[in-house]
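Input: a single structure, listed below in structure tokens.
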Amino acid sequence: MYIPRIMESKLRYLAEHFPVVMVCGARQVGKTTLLNRLKEENEKIQYVTLDYPRLRILAREDPGLFLQQYQPPLIIDEIQYAPELLSYIKIQVDQSHQNGSYYLTGSQMFHMMKNVSQSLAGRVGILSMYSLSRAEILGRETVPFRPDRIGPAGAAETVTTLFERILRGGMPQLIADPGLLPEDYFGAYTQTYLERDIRDLIAVKDEGRFLRFLSCAAARTGQEVNLADMAKDVEIDRKTAESWLSLLVSSGLVYLLQPYSRNTIKRIVKRPKLYFMDTGLACYLTYWNQPRALELSAMAGAMFKSYVLSEIVKSYVGHGIDVRSRLCYYRDNNGKEIDLMILEDGKLYPVEIKKSADPGKAALKNFTVLDSLPEVVGEGAVICMTPMVIPLDEKDKLVPVACI
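Below is the structure:
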């Protein structure tokens, strides 16, 4: 069963305007399926994967011969295994001047973006991909979330159905196969992640300890990053913890929400917040397997925030929009905090995230700190379990989680 992805239109657009298109994301989020869908529409496109050891060796040792054997238009899956190809692809596209020549996928987003940017600057359109969003699962249209452009809510979300969704996550295989248990799927997923990505990228002497670090990070989803505490819990040094966290980010498993920062604002914390981009994986790593138990637990609020934040990020990246300069959070030394701030079009849009059905105006109490910031303050939202959009004042409103 193919589930249409929001980024399909952006993928076609990039192929019309760039000779190379790069799709980055974690394992099994649907990169290959997306590109093979494109291949079905254009029979001229060939497909090759560097998962095969012989092809990987050929691509590394003789990239020129590899590209002679496989002519464009060409999909090259798992390009991170042979970055040597990138310089040769540059030569090919500079000679042909043909858009839509190469489609690349990679499971190491930032590592690959660095290599691609150096070798293919100005020649590549880049898309980041995560697991399925709620809108994609339900098959409805969506817009990048912002408090002043609330999309249709679609089906109402009860607490029960929401936590079932949080526990299951958005990995395509779990959505396509409702009978597959999350613990079975994610057990195999983490093993594959350890065997393929981790062993290929870093020399982890103790995979059990790295898995503990992965679980430690999942237990901190929605919290500020404290590398010293994480290192202490896993019994590793801080430098190793920093390296391993960077690996989780570059693998697309974790998103770091940066704090708001302006030169004129001095009382801002420096640490980013850590969010797992698939709550199903975070639940598996923290040993939750019943939605009702999770809903009543101390982790419920953090998982709810992680779900909302990941859905908002997906609403942007699905349209090919880079969120790094748009999304941040606010917290000062007085403890005043705003879960999310969206910076667009010269305006700042504050967002609070509450598991409550009716958090009321008290949820807006920290919005007053925005008056001291240089940006124009736009409409604000409190994303919660309310059944409908409800105005709280002339600028701010309660927004159902089903709207994101």
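With our numbering applied, the sequence shown corresponds to residues 14 to 417, in that order. No residue lacks a Cβ here, since even glycine has one placed at the ideal position from N, Cα and C.
- Task: Within the same chain, show all residues whose beta-carbon is closer than 8 Å to that of Pro285, passing over the 5 residues directly before and after it, in chain order.
- Result: Glu237, Val238, Leu269, Leu270, Gln271 and Pro272
- Task: Taking the CB atoms as reference points, tell me whether Ala415 and Glu170 lie closer together than 7 Å.
- Result: yes
- Met290, buried or exposed, once every other Cβ within 10 Å from all chains shown has been counted against 16: buried
- Query: Hey, quick one: how far does the alpha helix (DSSP H) through Val326 stretch, first residue to last?
  - Reply: Ala313 to Val330
- Message: What residue range does the beta strand (DSSP E) around Ala232 cover?
- Response: Going by DSSP, Ala232 is part of no beta strand (DSSP E) but of the alpha helix (DSSP H) stretching over Glu220 to Ala232.
- Give the secondary structure of Lys245 by DSSP, where H, G and I count as helix, E and B as strand, and everything else as coil. helix
- Looking at the structure shown, is Ser132 part of a helix, part of a strand, or coil, going by DSSP? It is helical.
- Distance, Cα to Cα, Leu51 vs Leu383? If I take the Cα positions, the gap works out to 45 Å.
- Mind the definition here: the segment 40-59 touches the segment 136-149 only if three or more C-beta pairs lie below 8 Å; say whether that holds. yes
- Item | Thr174, buried or exposed, once every other Cβ within 10 Å from all chains shown has been counted against 16 | exposed
- Three-pair Cβ contact test at 8 Å for the segment 72-79 versus the segment 89-101: yes
- Might you give, ordered along the chain, the residues of its own chain that have their beta carbon closer than 8 Å to the beta carbon of Cys341, omitting 5 neighbours on each side? Same-chain partners within the cutoff: Leu270, Gln271, Pro272, Tyr273, Ser274, Leu353, Met354 and Leu356.
- Query: Whose C-alpha, out of Ser328, Arg25, Ala313 and Val106, is nearest the C-alpha of Arg147?
  - Reply: Here the closest residue by C-alpha is Ser328.
- Would you list the residues sitting across from Asp90 in a DSSP beta bridge? For Asp90, which the question treats as bridged, DSSP gives the partners Thr62.
- Query: Since Thr118 sits in a beta bridge, which residues does DSSP pair it with?
  - Reply: Val36
- Delimiting residues of the beta strand (DSSP E) encompassing Pro363: Lys360 to Ile366
- Between Gly138 and Ile89, what straight-line distance do the alpha-carbon atoms span, to the nearest angstrom? 15 Å
- Query: For Ser141, which beta-bridge partners are listed by DSSP?
  - Reply: Cys37
- Taking only the alpha-carbon atoms, compute the straight-line gap between Leu266 and Gln204 and give it to the nearest angstrom. So the two alpha carbons sit approximately 14 Å from each other.
- Through-space distance from Ser319 to Glu208, alpha-carbon basis: 27 Å
- Query: Given a threshold of 16 other Cβ atoms within 10 Å of its Cβ, counted over all protein chains shown, does Arg251 qualify as buried or as exposed?
  - Reply: Answer is exposed; the Cβ neighbour count stays below 16.
- Using the C-alpha atoms, what's the distance from Ser310 back to Phe226? C-alpha of Phe226 to C-alpha of Ser310: approximately 22 Å in a straight line.
- Gly331 to Met312 span [Cα, whole Å]: 28 Å
- Message: According to DSSP, simplified to helix, strand and coil, what is Tyr202?
- Response: DSSP, reduced to helix, strand and coil, places Tyr202 within a helical segment of the structure shown.
- Kindly indicate which three-state DSSP category Arg339 falls into: helix, strand or coil? coil
- Please report how far the alpha carbon of Leu80 lies from the alpha carbon of Glu54, in whole angstroms. A straight line joining the alpha-carbon of Leu80 with that of Glu54 spans about 23 Å.
- Task: Provide the residue span of the beta strand (DSSP E) that contains Tyr268, from first to last.
- Result: Val267 to Leu270
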